[in-house]
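S.K.: Quick one: structure below, then a few questions.
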Amino acid sequence: YTVTSSRSRVVAFFLCLFFGLLGIHNFYVGKIFWGLIYLLTLGFFGIGWVIDLIRILLGTFKDGDGVPLRE
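Read in our numbering, the sequence shown has 24 at position 16, and its numbers run on one by one without any break.
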């Protein structure tokens, strides 16, 4: 039995792909602080956005409670 988030990895990926520079994917998974940081810095100047895309694809991106996203 593995605990997974109620948030979808597919939804997080597409939010990150299209709105990642604004941090929308972070707001979606419950990471409000990081969402605000991304919003103010345009996704850590684009670098954080690319890293998050890769982490979501690899399945290592977690929600605000530290739980892996569901498929």
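Positions of the beta carbon are idealized from the N, C-alpha and C atoms, including for glycine.
Taking the alpha-carbon of Tyr6 as reference, which of Ile64, Ile62, Cys24, Arg63 has the nearest alpha-carbon?
M.R.: Any question about residue 6 goes unanswered here, given that the chain covers just 9 to 79.
S.K.: Considering Cα atoms alone, identify which of Thr12, Arg17, Ser13 is closest to Ile62.
M.R.: Walking along the sequence shown from the start, residue 62 turns up at place 54. Considering only alpha carbons, the answer is Arg17.
S.K.: What residue does the alpha helix (DSSP H) around Phe27 start on, and which one ends it?
M.R.: Translated into the one-based positions of the sequence shown, residue 27 becomes position 19. From DSSP, the alpha helix (DSSP H) with Phe27 extends over 17-27.
S.K.: Would a C-beta distance cut-off of 9 angstroms place Phe52 and Ala20 closer than the cut-off?
M.R.: Here residue 52 is taken as the residue at index 44 of the sequence shown, counted from 1. Here residue 20 is taken as the residue at index 12 of the sequence shown, counted from 1. No, they are not a contact pair.
S.K.: What does a CB cutoff of less than 8 angstroms around Ile64 pick up in its chain, not counting 5 residues either side in sequence?
M.R.: Your numbering for residue 64 matches position 56 in the sequence shown. Cβ within range, chain order: Arg17, Ala20, Phe21, Cys24, His33, Leu77.
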